[in-house]
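Remarks on the structure that follows.
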Amino acid sequence: MARIKKQGLDYFPLDTDFMQQRAVRRLMKQQGDCAFTVLLSALSAIYGGEGYYVRIDDDFCEDLATELFDTDARKVKEVLMAAIELDLFDSRLYREYGILTSAHIQEQFLFCCKRRRKRGLDERFRLVENEADDTADTAPTPAEAPDHAAEMQQCAAEMQQCATQMQQHVTQTAQSKAQQSKAQQSKENPLLKGSPETGDDGRTPSPTEEDGEIHDDAWWTRRIAQLSPPTDNRARNYNGLLFELQRWKVPPQEQYALILKSGFGTIGHPVWLGISEIVKKPKDIRQPGRFLLSKCK
1 MARIKKQGLD
11 YFPLDTDFMQ
21 QRAVRRLMKQ
31 QGDCAFTVLL
41 SALSAIYGGE
51 GYYVRIDDDF
61 CEDLATELFD
71 TDARKVKEVL
81 MAAIELDLFD
91 SRLYREYGIL
101 TSAHIQEQFL
111 FCCKRRRKRG
121 LDERFRLVEN
131 EADDTADTAP
141 TPAEAPDHAA
151 EMQQCAAEMQ
161 QCATQMQQHV
171 TQTAQSKAQQ
181 SKAQQSKENP
191 LLKGSPETGD
201 DGRTPSPTEE
211 DGEIHDDAWW
221 TRRIAQLSPP
231 TDNRARNYNG
241 LLFELQRWKV
251 PPQEQYALIL
261 KSGFGTIGHP
271 VWLGISEIVK
281 KPKDIRQPGR
291 FLLSKCK
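Residue 193 in UniProt numbering sits at position 193 of the sequence shown, with consecutive numbering throughout.
Encoded structure:
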């Protein structure tokens, strides 16, 4: 039997400084600590249901309240109305159609669904430009992967296939350059860090060089696929880290370094703060990988 595809998402990213955003802080100050729980429950209903919006009525507020402690349907609706006034949700679409959505929610939905064949928005509810769909169309469109690990394996296979055709040429060129460098260094500094007994010139190989070979992106991608988080009961979001690194097109070698430096996406590590800064100002950070590595020092 064919698998029924759901419209909503199984996972949605949440910025680490979500509670420090001005609108969220004002909402919690007005409505109390329960406002955060109500807001997070509403976002889960949006992303997990239609994917980018949810219809709000008395039944919705009642359903949301049954999942919360010490919060009734009246309080849920009061919090959501305050969130609309603070522009956490689009006020026009609420007035006209009675739904909760926002441009940011729609952008996240389109990005997370870029591998789906059908992922269009209802034009009545659209808050993002059509370019968002065009950007998503540039991604390959195989059958929807069940989780991020499967997506990463598929990306690794695609990168390996592209790299195979050039691998032999790159390896030969790298070996030739390495030999020329060794000869030049030996000629200029024959005793610098060298050993007359072993003939070692004392040169420390670069991170991408091993046994005289330069490793390409496919090699680093395979190394990443072999990694697995340690079982030390520390709070991690490894899949979320992989998702964000691929989202911002961080080179595989830098991905590998970031995974190790962050302890496989340990919650609270500075790398999450760096990701949050990239999300806020993506156009200002031209090299996301190096930017995130600077946060790990």
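We treat Cβ as the ideally placed atom computed from N, Cα and C, and that holds for glycine.
#### Entry: For Leu110, the three-state DSSP class (helix, strand or coil)
helix
### Task
Consult DSSP for Arg222 and reduce its assignment to one of helix, strand or coil.
helix
### Query
So, Lys295 versus Gly274, is the Cβ gap smaller than 7 angstroms?
yes
### Message
Which residues does DSSP list as the beta-bridge partners of Ile99?
### Response
Arg55
#### Entry: Three or more C-beta pairs below 8 angstroms linking the region 22-41 and the region 93-105
no
#### Entry: Bridge partners - Arg236, DSSP secondary structure assignment
Thr266
### Query
Counting Cβ pairs, one atom from each stretch, are 3 or more of them under 8 angstroms apart for the region 252-262 and the region 220-231?
By the Cβ criterion, the region 252-262 is in contact with the region 220-231, since at least three pairs of Cβ atoms, one from each stretch, lie closer than 8 angstroms.
### Task
Return the chain-ordered list of same chain residues with a C-beta closer than 7 angstroms to the C-beta of Ser91, the five sequence neighbours on each side being excluded.
Ile84
#### Entry: DSSP three-state assignment for Ile214, whether helix, strand or coil
strand
### Task
In the DSSP assignment, find the alpha helix (DSSP H) that holds Ser44 and state where it starts and stops.
34-48
#### Entry: Alpha-carbon to alpha-carbon, Gly265 and Arg95
41 angstroms
### Query
Per DSSP, what kind of secondary structure is Leu9 in: helix, strand or coil?
In the structure shown, Leu9 falls within a coil segment according to DSSP collapsed to helix, strand and coil.
### Message
Taking only three categories from DSSP, how would you classify Asp70?
### Response
coil
### Close Cβ partners of Ile267 (< 7 angstroms) along its chain, the five nearest in sequence each way excluded
Ala235, Arg236, Asn237
### Message
For a quick check, are the C-beta atoms of Ser276 and Asp17 less than 7 angstroms apart?
### Response
yes
### Query
In this structure, does DSSP put Cys61 in helix, strand or coil?
helix
### Message
Taking only three categories from DSSP, how would you classify Arg25?
### Response
helix
### Selected residue, minimal CA-CA separation from Cys113, among Phe243, Ile56, His269, Arg55
Among Phe243, Ile56, His269, Arg55, the Cα nearest to that of Cys113 belongs to Phe243.
#### Entry: Residue from Ile214, His215, Lys261, Trp248 whose Cα sits closest to the Cα of Pro229
Lys261
### Message
Can you give me the C-alpha to C-alpha distance between Leu93 and Ile224, rounded to a whole angstrom?
### Response
43 angstroms
### Query
Tyr53 and Phe109: beta carbons closer than 7 angstroms?
no
### Rounded C-alpha distance that separates Phe69 from Gly48
21 angstroms
### Query
How big is the Cα-Cα spacing for Cys34 and His104?
Going from the Cα of Cys34 to the Cα of His104 covers about 23 angstroms.
### Task
Give the DSSP-derived three-state secondary structure of Arg286 in the structure shown.
Of the three classes helix, strand and coil, the one that applies to Arg286 here is coil, per DSSP.
### Rounded C-alpha distance that separates Glu107 from Ile278
15 angstroms
### Task
Along the alpha helix (DSSP H) that carries Leu258, what are the first and last residues, could you check?
252-261
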